[in-house]
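Working notes for the structure below.
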Amino acid sequence: MGRLLPIRLVGVALCLALSAPVWAAEPGPATTRASDLVWEPIGPVTTSAGMTAVATDPEDTRVIWVGSATSVWVSEDGGTSWNLVLQLSRASGLAREAGDGGEVEVDPDEATDPDAPPEGSDIFEEDTFVDPTNRNSRDDDDGDDDSTDSNSDQDDDGSADNDQQQRFGVTRFRILQDKVWVCTSHGLWSIARSARRTGTGTEVRFGRRMAVNDVARGPDKRFFLATERGLWQLGDDGIGRQLPQVEDEVEVNAIQVVTSAAVADAKPVTRIVLATSRGLRIGDGDRFEHISMGAKDDAGLDDVIVEPNGHIAVAGGGTVYRMDPSGSVVDEAWPVPGASRVAVGRQGQLWTVGSKGAWKYTADEGWVRTVEGLFDRRLVDVAPSDAGDVNLWVVGRAGLWRLVPETAKVFQSQMAALQARTLAGYPDSSKTVHDALEARGVKQSQVDSWVIEERLAWLLPHVFLQYRTNRVRNEDYVTIDVLDRQILDAVEVKPQDDEFRIEARWDLMPALLAAINGSEARVASTRGRARKQQERVREVVLPLWQTWAKKRMEYETNEPASTREALRDLLTLAKLEADLHVYTGGRFPVGGAKSKNGAK
Amino acid sequence: MIRKFLQAASVMGLMVVAAPVHADDPQIKAEAQRILAQFDNEPKIVQVQQAASSYARVNPDSYDSWMTSARLANLLPKRLYGHMRNTNTDSKDLRTTTASSGSVSDLTSNDDQLQLEVRLEWDLTKVVFNRDGIAAARQIERIVNQREDLLTTVNKLYFARRQLQVEIALDPPTSVDRAVKTQLRIQGLTADLDALTGGWFSKHVPKGS
Numbered sequence: 019m020g021r022l023l024p025i026r027l028v029g030v031a032l033c034l035a036l037s038a039p040v041w042a043a044e045p046g047p048a049t050t051r052a053s054d055l056v057w058e059p060i061g062p063v064t065t066s067a068g069m070t071a072v073a074t075d076p077e078d079t080r081v082i083w084v085g086s087a088t089s090v091w092v093s094e095d096g097g098t099s100w101n102l103v104l105q106l107s108r109a110s111g112l113a114r115e116a117g118d119g120g121e122v123e124v125d126p127d128e129a130t131d132p133d134a135p136p137e138g139s140d141i142f143e144e145d146t147f148v149d150p151t152n153r154n155s156r157d158d159d160d161g162d163d164d165s166t167d168s169n170s171d172q173d174d175d176g177s178a179d180n181d182q183q184q185r186f187g188v189t190r191f192r193i194l195q196d197k198v199w200v201c202t203s204h205g206l207w208s209i210a211r212s213a214r215r216t217g218t219g220t221e222v223r224f225g226r227r228m229a230v231n232d233v234a235r236g237p238d239k240r241f242f243l244a245t246e247r248g249l250w251q252l253g254d255d256g257i258g259r260q261l262p263q264v265e266d267e268v269e270v271n272a273i274q275v276v277t278s279a280a281v282a283d284a285k286p287v288t289r290i291v292l293a294t295s296r297g298l299r300i301g302d303g304d305r306f307e308h309i310s311m312g313a314k315d316d317a318g319l320d321d322v323i324v325e326p327n328g329h330i331a332v333a334g335g336g337t338v339y340r341m342d343p344s345g346s347v348v349d350e351a352w353p354v355p356g357a358s359r360v361a362v363g364r365q366g367q368l369w370t371v372g373s374k375g376a377w378k379y380t381a382d383e384g385w386v387r388t389v390e391g392l393f394d395r396r397l398v399d400v401a402p403s404d405a406g407d408v409n410l411w412v413v414g415r416a417g418l419w420r421l422v423p424e425t426a427k428v429f430q431s432q433m434a435a436l437q438a439r440t441l442a443g444y445p446d447s448s449k450t451v452h453d454a455l456e457a458r459g460v461k462q463s464q465v466d467s468w469v470i471e472e473r474l475a476w477l478l479p480h481v482f483l484q485y486r487t488n489r490v491r492n493e494d495y496v497t498i499d500v501l502d503r504q505i506l507d508a509v510e511v512k513p514q515d516d517e518f519r520i521e522a523r524w525d526l527m528p529a530l531l532a533a534i535n536g537s538e539a540r541v542a543s544t545r546g547r548a549r550k551q552q553e554r555v556r557e558v559v560l561p562l563w564q565t566w567a568k569k570r571m572e573y574e575t576n577e578p579a580s581t582r583e584a585l586r587d588l589l590t591l592a593k594l595e596a597d598l599h600v601y602t603g604g605r606f607p608v609g610g611a612k613s614k615n616g617a618k
Numbered sequence: 006m007i008r009k010f011l012q013a014a015s016v017m018g019l020m021v022v023a024a025p026v027h028a029d030d031p032q033i034k035a036e037a038q039r040i041l042a043q044f045d046n047e048p049k050i051v052q053v054q055q056a057a058s059s060y061a062r063v064n065p066d067s068y069d070s071w072m073t074s075a076r077l078a079n080l081l082p083k084r085l086y087g088h089m090r091n092t093n094t095d096s097k098d099l100r101t102t103t104a105s106s107g108s109v110s111d112l113t114s115n116d117d118q119l120q121l122e123v124r125l126e127w128d129l130t131k132v133v134f135n136r137d138g139i140a141a142a143r144q145i146e147r148i149v150n151q152r153e154d155l156l157t158t159v160n161k162l163y164f165a166r167r168q169l170q171v172e173i174a175l176d177p178p179t180s181v182d183r184a185v186k187t188q189l190r191i192q193g194l195t196a197d198l199d200a201l202t203g204g205w206f207s208k209h210v211p212k213g214s
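Heads up: the protein sequence lines correspond to chains A and B, in order. Per the working numbering, the very first residue in the first sequence carries number 19; after that it's consecutive. Per the working numbering, the very first residue in the second sequence carries number 6; after that it's consecutive.
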């Protein structure tokens with residue numbers, strides 16, 4: 019417990035630290051608090067970013083399952099402590115079981131992998147190092163315009179990042195009976211529902227190289243698999259068979275088994291709803307019909323759930339649909355930016371998350387974004403909760419978050435003191451981000467001033483300064499006839515038409531063009547680039563600083579269990595500081611050394 | 006050769022490895038610091054970063070003044086024009102004056118006109134707003150990106166190498182195979198760092214590290 023308290027304090031302290039006004043609220047749709055609920059960052063201590071899936075046990079929502087690109091953790095105390103239960107290899111999709119049970123797969127490539135950790139080493143877990151530099155791309159050097167910049171790593175709705183994030187690792191958990199099914203980008207795994215340590219994980223011998231997106235147990239106990247290659251059925255023999263009734267190769271992203279209420283003497287009808295990359299399909303497990311979704315008939319759908327009132331909620335492609343209980347009629351279609359996963363909250367409200375944050379639906383206000391305390395809005399999964407103060411769980415690029423009442427801030431003073439003690443002498447998040455922006459080539463404020471300067475520049479003229487002088491030399495000769503000669507009588511040099519002229523010309527055309535077209539195209543393009551740079555700094559430096567702060571506080575407040583663990587922590591801290599040193603242009607101190615601006 | 010590797014790894018292990026520390030020992034952090042201090046004679050990460058950025062010419066010092074220079078450059082005249090013209094008109098004015106004493110002829114020559122002209126031109130709009138600043142900013146942005154890519158790679162290599170060194174210190178290799186593998190990986194990482202620093206790194210690593 020003594021070890022757990024600091025971890026909890028660290029989480030809350032980070033919440034405080036990150037609530038610093040580093041970033042002004044971005045303009046957009048309604049962004050309000052939902053009944054004073056705030057997001058609190060929390061999660062397995064060895065990993066603070068890159069979470070890809072979350073689920074709560076429906077029978078006890080204090081039990082939370084969290085997955086990243088390489089690992090699965092479980093907490094049975096509402097997120098206070100975490101246990102690693104499964105470790106996957108990012109490179110091959112095969113598992114490296116740390117425990118003694120389950121199957122042990124050995125990747126033949128791993129032995130020669132030059133980047134693999136040394137034998138017997140657990141100093142560095144793959145997840146330990148947040149690698150924000152592992153970006154898809156960089157701006158290229160060809161000087162092309164942003165609009166054609168193929169290296170842009172994030173499109174307007176941020177889907178590129180999410181796609182990248184979802185490419186590896188766990189994509190969804192399904193808890194069915196006594197097992198937790200772990201859907202990954204390279205096959206399917208199952209873990210005992212009671213697992214609290216490694217050793218129970220078992221790879222299902224199915225589609226090892228195939229992305230399994232969801233599983234469901236249908237009528238007659240049939241076991242369905244939603245995969246990137248359509249819908250499959252897993253037989254008792256462990257062999258998967260593709261169901262030919264579903265369009266070949268259409269990606270199935272989610273499955274829900276829907277049982278309609280019994281009416282009169284009629285038996286309840288069980289149907290299977292599929293959210294696919296080309297619209298919604300409903301069927302009995304053998305035959306599926308394509309359900310019309312209106313204008314977006316073939317819209318890519320990511321998630322489907324059944325609400326308590328029997329309605330079916332579907333999300334995908336930035337739209338949330340609510341369908342009648344039969345699933346054949348679309349009652350509502352709400353555009354919700356970035357929406358990809360849905361869940362039902364504590365009071366039965368519908369929630370959706372995606373690349374633009376978390377949104378809650380209420381009949382009075384419609385969809386309201388709830389991002390208070392959420393410093394990175396790119397979310398990939400959501401899970402309901404009714405345990406304790408926790409209202410909802412979400413995961414995303416910046417880690418795991420829980421939605422809790424703002425009263426959690428009673429710890430503020432305690433946390434502030436802890437933070438002040440452990441991070442004393444180091445730049446805070448605001449300063450670090452500011453330094454990182456300063457180190458960039460162009461800043462938003464600079465572009466803003468360029469726009470003003472461009473508009474006012476025409477007030478100053480082109481100035482011409484001219485000085486011209488003429489000198490005329492006159493010579494007088496006298497002719498003396500008797501001598502028959504000319505004698506120089508006088509020489510006169512006199513200035514003539516000297517001129518000193520200052521001329522000022524004003525060019526009104528730029529002012530006219532600025533009035534008609536706004537900023538010059540080049541300035542506008544630079545503005546876009548500066549915005550991207552700012553966004554990139556936020557994406558990279560802020561999570562990096564948070565990870566560093568969290569690790570430093572953990573190191574300062576905990577006694578490591580072994581020298582190996584202490585060395586791991588120290589090297590992790592040193593690398594994080596070295597990365598921050600790079601991103602801030604040398605302003606962040608490394609290893610207690612004085613930085614460029616004298617901090618620490 | 007293999008024997009040499011094993012010998013080197015063992016010696017290094019004996020040099021740096023400490024007595025096993027019990028998990029409950031309150032001196033764990035101090036012990037970890039002591040092990041890391043074994044590598045104090047090697048270049049610090051900041052020094053390696055500086056060497057790499059200097060070698061790749063992406064040092065901030067090289068571009069810090071670009072924006073200011075771009076702006077100040079417009080205080081100088083945009084154009085300087087000088088003109089000198091010497092004209093010989095050879096115009097002659099012959100006037101004859103007759104006096105009682107006789108007649109005298111005067112010849113007046115109007116010759117050699119020298120014209121000097123200096124013209125300077127400033128575009129003061131560019132003192133306020135200069136497009137060169139935008140170009141400089143874009144160029145700086147590219148260099149900054151290159152610098153970050155380079156130096157974060159340096160960080161990765163440097164700490165991967167240090168990780169291996171620490172691993173040897175904690176758990177000296179007990180087989181030839183493992184000793185060779187570990188040494189080769191350390192040497193590979195040293196070579197990578199050398200490539201990024203133009204050979205600076207290995208020059209500053211003490212022999213035998």
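For glycine and all other residues, C-beta sits at the position ideal for the given N, C-alpha and C.
Return yes when the Cβ of residue j is within less than 7 Å of the Cβ of residue i, no when it is not.
i, j, result
"glycine 297 of chain A", "isoleucine 290 of chain A", "no"
"valine 233 of chain A", "valine 90 of chain A", "no"
"alanine 333 of chain A", "threonine 370 of chain A", "yes"
"glutamate 350 of chain A", "arginine 340 of chain A", "yes"
"valine 600 of chain A", "leucine 194 of chain B", "no"
"aspartate 399 of chain A", "valine 413 of chain A", "yes"
"valine 348 of chain A", "glycine 312 of chain A", "yes"
"leucine 169 of chain B", "isoleucine 191 of chain B", "yes"
"tryptophan 127 of chain B", "proline 82 of chain B", "yes"
"phenylalanine 241 of chain A", "tryptophan 83 of chain A", "no"
"leucine 585 of chain A", "alanine 42 of chain B", "no"
"proline 12 of chain A", "glycine 417 of chain A", "What the structure shows of chain A is the stretch from 19 to 618, and residue 12 of chain A is not part of that stretch, so it cannot be assessed."
For residue i, return the contacting residues in chain A, with the cut-off set at a CB-CB distance below 8 Å.
i, result
"valine 160 of chain B", "Note on identity: in this sequence residue 160 of chain B is asparagine, with valine being the wrong assignment. Neighbours of asparagine 160 of chain B on chain A, chain order: Lys593, Ala596, Asp597 and Val600."
"isoleucine 191 of chain B", "Simply none; closest approach about 10 Å."
"threonine 73 of chain B", "Within chain A, no residue comes near threonine 73 of chain B; the closest Cβ sits about 12 Å away, beyond 8 Å."
"arginine 76 of chain B", "Residues of chain A passing the Cβ test: none, with the nearest at roughly 10 Å."
"glutamate 36 of chain B", "Thr581 and Ala584"
When the Cα of residue i is compared with those of the options, which residue comes out closest?
i, options, result
"alanine 75 of chain B", "B:Thr202, B:Ser180, B:Gly138 and B:Gln54", "B:Gly138"
"valine 159 of chain B", "A:Leu594, A:Phe606, A:Arg605 and A:Tyr485", "A:Leu594"
"alanine 87 of chain A", "A:Pro76, A:Gly406 and A:Gly187", "A:Gly187"
"threonine 245 of chain A", "A:Leu252, A:Gln251 and A:Ala229", "A:Ala229"
"arginine 247 of chain A", "A:Glu269, A:Glu583, A:Arg235 and A:Phe241", "A:Glu269"
"alanine 78 of chain B", "B:Lys49, B:Arg39, B:Leu129 and B:Met89", "B:Leu129"
"arginine 227 of chain A", "A:Trp352, A:Ser203, A:Arg547 and A:Ser295", "A:Ser203"
"tryptophan 205 of chain B", "B:Ala57, B:Arg90 and B:Arg39", "B:Ala57"
Which residues in chain B have a C-beta closer than 8 Å to the C-beta of residue i? List them in chain order.
i, result
"histidine 204 of chain A", "Those within 8 Å of histidine 204 of chain A in chain B number zero; the least Cβ separation is about 25 Å."
"glutamine 551 of chain A", "Glu146"
Can you pull the chain A neighbours of residue i, defined as C-beta to C-beta under 7 Å?
i, result
"aspartate 128 of chain B", "His480"
"leucine 156 of chain B", "Val600"
"phenylalanine 134 of chain B", "Trp468, Glu471, Glu472 and Ala475"
Under 9 Å between beta-carbons, which chain B residues line up against residue i? List them in chain order, please.
i, result
"glycine 603 of chain A", "Pro65, Val149 and Arg152"
"glutamate 557 of chain A", "Simply none; closest approach about 13 Å."
Since residue i meets chain A, which of its residues come closer than 9 Å, beta carbon to beta carbon?
i, result
"glutamine 118 of chain B", "Asn488, Arg489, Val490, Arg491 and Gln514"
Is it true that the stretch 146-155 of chain B meets the stretch 59-70 of chain B, where meeting means three or more beta-carbon pairs spaced less than 8 Å apart?
Verdict: yes, contact present.
Any 3 or more C-beta pairs closer than 8 Å across the stretch 191-206 of chain B and the stretch 156-172 of chain B:
Enough Cβ pairs lie closer than 8 Å, so yes.
Residue ranges of each alpha helix (DSSP H) within the stretch 361-405 of chain A, 4 or longer:
Secondary structure in the stretch 361-405 of chain A: no alpha helix (DSSP H) run of 4 residues or longer lies completely within the stretch.
For a minimum of 3 consecutive residues, which ranges assigned as the beta strand (DSSP E) are wholly contained in the stretch 239-268 of chain A?
Contiguous beta strand (DSSP E) elements confined to the stretch 239-268 of chain A occur at 241-245, 248-252 and 258-260, taking only those with 3 or more residues.
Can you list, in chain order, the stretches of the alpha helix (DSSP H) that have 4 or more residues and sit fully within the stretch 305-368 of chain A?
With a minimum length of 4 residues, no continuous alpha helix (DSSP H) run stays inside the stretch 305-368 of chain A.
Can you find at least 3 beta carbon pairs, one from the stretch 471-484 of chain A and one from the stretch 452-459 of chain A, that sit closer than 8 Å?
No: the two stretches stay apart, fewer than three of their Cβ pairs being nearer than 8 Å.
Enumerated in chain order, which unbroken segments of the alpha helix (DSSP H) with a length of 4 residues or greater are wholly contained in the stretch 128-194 of chain B?
Counting whole runs of 4 or more residues, the stretch 128-194 of chain B contains the alpha helix (DSSP H) stretches 130-133 and 136-175.
Taking contact to mean at least 3 C-beta pairs separated by less than 8 Å, is the stretch 93-106 of chain A in contact with the stretch 207-218 of chain A?
They touch, by the three-pair rule.
Stretch pair the stretch 442-453 of chain A + the stretch 562-575 of chain A: three plus CB contacts closer than 8 Å
Inter-segment contact for the stretch 442-453 of chain A and the stretch 562-575 of chain A is present: three or more beta-carbon pairs are separated by less than 8 Å.
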